[in-house]
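Chemist: So the protein sequences, as listed, match chains A and B. Reminder that position 6 of the first sequence reads as 6 in our numbering, one-by-one numbering, no gaps. Reminder that position 110 of the second sequence reads as 110 in our numbering, one-by-one numbering, no gaps. All residues carry an ideal CB built from backbone N, CA and C; glycine is no exception. Remember, it's a predicted structure, so these values are computed and weren't measured experimentally.
Protein chains: 2
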Amino acid sequence: MTFPVPRMSPSEAEAWTGLIRVCMLLPAELDSQLQRDSSMTHFEFAVLTFVRWAPESRASMTAIAEATNSTLSRLSHVCTRLQKRGLVEKSASASDARVTEVTLTSAGRRELVRATPGHIETVRRLVIDVLSDEDLADLARITRLLGERLDPSCRGDGESAGQ
Amino acid sequence: MTFPVPRMSPSEAEAWTGLIRVCMLLPAELDSQLQRDSSMTHFEFAVLTFVRWAPESRASMTAIAEATNSTLSRLSHVCTRLQKRGLVEKSASASDARVTEVTLTSAGRRELVRATPGHIETVRRLVIDVLSDEDLADLARITRLLGERLDPSCRGDGESAGQ
DNA sequence: CTCTGAAGGTTGTTGCGTCAACTAATAGCC
DNA sequence: GGCTATTAGTTGACGCAACAACCTTCAGAG
Numbered sequence: 001m002t003f004p005v006p007r008m009s010p011s012e013a014e015a016w017t018g019l020i021r022v023c024m025l026l027p028a029e030l031d032s033q034l035q036r037d038s039s040m041t042h043f044e045f046a047v048l049t050f051v052r053w054a055p056e057s058r059a060s061m062t063a064i065a066e067a068t069n070s071t072l073s074r075l076s077h078v079c080t081r082l083q084k085r086g087l088v089e090k091s092a093s094a095s096d097a098r099v100t101e102v103t104l105t106s107a108g109r110r111e112l113v114r115a116t117p118g119h120i121e122t123v124r125r126l127v128i129d130v131l132s133d134e135d136l137a138d139l140a141r142i143t144r145l146l147g148e149r150l151d152p153s154c155r156g157d158g159e160s161a162g163q
Numbered sequence: 001m002t003f004p005v006p007r008m009s010p011s012e013a014e015a016w017t018g019l020i021r022v023c024m025l026l027p028a029e030l031d032s033q034l035q036r037d038s039s040m041t042h043f044e045f046a047v048l049t050f051v052r053w054a055p056e057s058r059a060s061m062t063a064i065a066e067a068t069n070s071t072l073s074r075l076s077h078v079c080t081r082l083q084k085r086g087l088v089e090k091s092a093s094a095s096d097a098r099v100t101e102v103t104l105t106s107a108g109r110r111e112l113v114r115a116t117p118g119h120i121e122t123v124r125r126l127v128i129d130v131l132s133d134e135d136l137a138d139l140a141r142i143t144r145l146l147g148e149r150l151d152p153s154c155r156g157d158g159e160s161a162g163q
């Protein structure tokens, strides 16, 4: 399926079309499962999860945006919706009045805890369980290379460049 | 970056977060480049490319939708826009009046030919050139497994169910 | 030939993401 | 201590995608 790509060798094309297919289908599946079972998008789930595991369960908009690879604008819209739904609270930081700090409400924490097992199970079903340990290692290596190329600003995870 | 995932071993989490990061960033990059250089989305590019390489450069909506992993609804909206922009034409099939056949106009073919080199170059820059031949082979193998799991209907490339 | 169901597409609504413009607060500079 | 530039975030308008409802045409049964 998918379609032929001109000016590309067969082996290149196979890797490329495979990757782009996964990039189209996987996020759709994740959104679909979370929407069905927990009435939230994958992005909302990622935001809630990041806040929950942040120090003191509290994070600035900028920190969340960086962690989730999103823009501040998108995040602002999403957090406004989450606030209206009673899942998060926004408050101005004490030390810097420009900063908005996001925290989970108890309802937000509850919904997240309720949503997590199903999501993890889906990730296992769609990805982890399909692959051997070597596959997983290969995938980690490859996606790390691609991630560094796609967003060079994020390649400093403590290492300098030590692949 | 990205964020911790509960209930997952470190090696699983690394593969998973790497994959999801690529799935977020890569389509955005592709859309961005095509929009900037050729005023079209990656999906529009895929539609035009598929039609161009179809037998007689002509394809039904359903065939395009399957090849691009999209719904008929989405495709219908997109083709209507492409038609308004003068890049494609729609016509009823002679043999089955339900079927809409899409063809490229000369302008559509011209735009596609103009857009293709830059797109391929971007794909090379972001993906192909970053990876070794073994990486590419690994990626092809892994994405094939994932693609089969994500969309089982597309796994019949000649096999019956031979995992 | 007509009735029913399925196949192939289209259309309207609603919701999310992007972009550009904007406000407010802080840091740096002289 | 005021001026400017930068940082942090919000807002509104517009475009695209998902979902559901709908229409038309074809195939099969009697």
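Compare the C-alpha of residue 74 of chain B against each of B:141, B:47 and B:8 and name the closest.
Modeler: Of the candidates B:141, B:47 and B:8, the one whose C-alpha sits nearest the C-alpha of residue 74 of chain B is B:47.
Chemist: Within 10 angstroms of its Cβ, does residue 49 of chain A collect 16 or more other Cβ (buried), or is it exposed?
Modeler: So residue 49 of chain A counts as buried.
Chemist: Pick out the complete alpha helix (DSSP H) segments inside the segment 71-117 of chain A, 4 residues or longer, and give them in chain order.
Modeler: As far as the segment 71-117 of chain A is concerned, its whole alpha helix (DSSP H) runs of at least 4 residues are 72-84.
Chemist: Is the shortest distance between the beta-carbon of residue 23 of chain A and the beta-carbons of chain B less than 8 Å?
Modeler: Yes, contact with chain B.
Chemist: Count the CB pairs spanning the segment 144-153 of chain A and the segment 73-88 of chain A that are closer than 8 Å, and state whether there are at least three.
Modeler: The segment 144-153 of chain A vs the segment 73-88 of chain A: no contact.
Chemist: So, for residue 45 of chain A: in the same chain, excluding its five sequence neighbours on each side, which residues have a beta-carbon less than 7 Å away from its beta-carbon?
Modeler: Same-chain partners within the cutoff: 34, 115 and 119.
Chemist: Since I believe residue 16 of chain A is in contact with residue 128 of chain B (beta carbons under 8 Å), could you give me their beta-carbon distance rounded to a whole number of angstroms?
Modeler: With a Cβ gap of about 7 Å, residue 128 of chain B and residue 16 of chain A count as contacting.
Chemist: Would residue 105 of chain B and residue 121 of chain B qualify as a contact pair, given that the criterion is a beta-carbon distance under 8 Å?
Modeler: No, Cβ-Cβ distance for residue 105 of chain B and residue 121 of chain B is not below 8 Å.
Chemist: Cβ atoms of residue 102 of chain A and residue 51 of chain A: under 8 Å apart, would you say?
Modeler: Cβ distance < 8 Å, so residue 51 of chain A and residue 102 of chain A count as in contact.
Chemist: List the residues of chain B that residue 56 of chain A touches, going by C-beta distances under 8 Å, in chain order.
Modeler: Near residue 56 of chain A there are no residues of chain B at all, since even the closest Cβ is about 15 Å away, more than 8 Å.
Chemist: Grouping DSSP H, G and I as helix and E and B as strand, with all else coil, what is residue 59 of chain B?
Modeler: Three-state result, residue 59 of chain B: strand.
Chemist: Could you please tell me which residues of the segment 121-133 of chain B, in chain order, have their CB closer than 7 Å to any CB of chain A?
Modeler: Result list: 123, 126, 127, 128, 130 and 131.
Chemist: Would you kindly report the start and end of the unbroken alpha helix (DSSP H) that includes residue 137 of chain A?
Modeler: Run containing residue 137 of chain A: 133-150, per the alpha helix (DSSP H) assignment.
Chemist: Under a CB-based cut-off of 8 Å, is residue 146 of chain A close to chain B?
Modeler: Yes, because at least one Cβ of chain B sits closer than 8 Å to the Cβ of residue 146 of chain A.
Chemist: Kindly say whether residue 18 of chain A, judged by its beta-carbon, lies nearer than 8 Å to any beta-carbon of chain B.
Modeler: So yes, residue 18 of chain A belongs to the interface.
Chemist: For residue 13 of chain A, count neighbouring Cβ atoms within 10 angstroms of its own Cβ and tell me buried if that reaches 16, exposed if not.
Modeler: Flag for residue 13 of chain A reads buried.
Chemist: Compute the distance between the beta-carbons of residue 141 of chain B and residue 126 of chain A, then report whether it is under 8 Å.
Modeler: No, they are not a contact pair.
Chemist: Relative to the alpha-carbon of residue 131 of chain A, which residue among B:57, B:130 and B:138 has its alpha-carbon at the smallest distance?
Modeler: Taking only the C-alpha atoms, the option nearest residue 131 of chain A is B:138.
Chemist: Mapping DSSP to helix, strand and coil, what is residue 8 of chain A?
Modeler: Here residue 8 of chain A sits in coil by DSSP.
Chemist: Which residue from A:60, A:68 and A:69 puts its Cα closest to that of residue 96 of chain A?
Modeler: Answer by Cα proximity: A:60.
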